[in-house]
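A quick write-up on the structure given underneath.
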Amino acid sequence: MELPGTADTGSRRSWSVASDVDWGTVDLAAARVDTEVMLLVRRAALRAARRTVGLSHLLSALAGDSVASALLTCELHDSWKHFHALRSYLEVTEYSPAIAESELDQHRRAAPEGALKRTEDVAGRVGQLLDDATRDCAVFGLINTRAMDPALARLADRIARDRQQHSLALTRYLSACSPASTEKTA
1259 MELPGTADTG SRRSWSVASD VDWGTVDLAA ARVDTEVMLL VRRAALRAAR RTVGLSHLLS
1319 ALAGDSVASA LLTCELHDSW KHFHALRSYL EVTEYSPAIA ESELDQHRRA APEGALKRTE
1379 DVAGRVGQLL DDATRDCAVF GLINTRAMDP ALARLADRIA RDRQQHSLAL TRYLSACSPA
1439 STEKTA
């Protein structure tokens, strides 16, 4: 079975925090005056960290489904990458307050807890994941358009595209799984 998200969009181009983000072009002065946008960046970093915990539980619940596992694994990888990129941006710009490990632990504990046992619980979490991706696309679109630092705008655009790809892939997967999408015979 072809992975949803690659069928009509071509191969997905991944990006690297280390090699594709030009950290040397970060406009420190612009970033430091842009306090509202920097607060959005900080909050988005913490949401990405929290999302990794919820994704781990969801991945465990859907481990028997190879396609769902592949989609969630990509999402988990990108969530860590997004967190690392956003936190790195905050560190490069010396944004205060920095994200402390204790604060990260607190946000991770705020993620939905425990293993998912019922189908309704899994469906609800997938729905939340889709809602989060939609919200994140809007937030990163806002950061992209409002950022005074072009390096932050590019980073926000990359993350927004990743989140949109995850949302589309999960939506296609759910559409393929739904009983209404199966072929009906007379």
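The numbering of the sequence shown is our numbering, which starts it at 1259 and goes up by one.
C-beta atoms are modelled at their ideal positions from N, C-alpha and C, and glycine is treated no differently.
Note that the structure is predicted; figures quoted are calculated from it, not measured.
No residue range can be given for D1278, since it is assigned to no alpha helix (DSSP H) and is classified by DSSP as neither H nor E. Rounded to whole angstroms, the separation of the alpha carbons of L1388 and R1421 is 9 Å. Excluding the 5 residues flanking it on each side, G1399 has same chain C-beta neighbours closer than 6 Å at A1418, in chain order. Residue burial annotation: L1329 is buried, with at least 16 other C-beta atoms found within 10 angstroms of its C-beta.
For D1415 and C1435, the gap between their C-alpha atoms comes out near 30 Å. Remark: fewer than three beta-carbon pairs, one from each stretch, lie closer than 8 Å, so the region 1358-1366 and the region 1313-1324 are not flagged as touching.
Bounds of the alpha helix (DSSP H) holding A1411 are P1408 to C1435.
Taking the CA atoms as reference points, S1346 sits about 30 Å from A1326.
Here the alpha carbons of E1349 and G1282 stand approximately 13 Å from one another.
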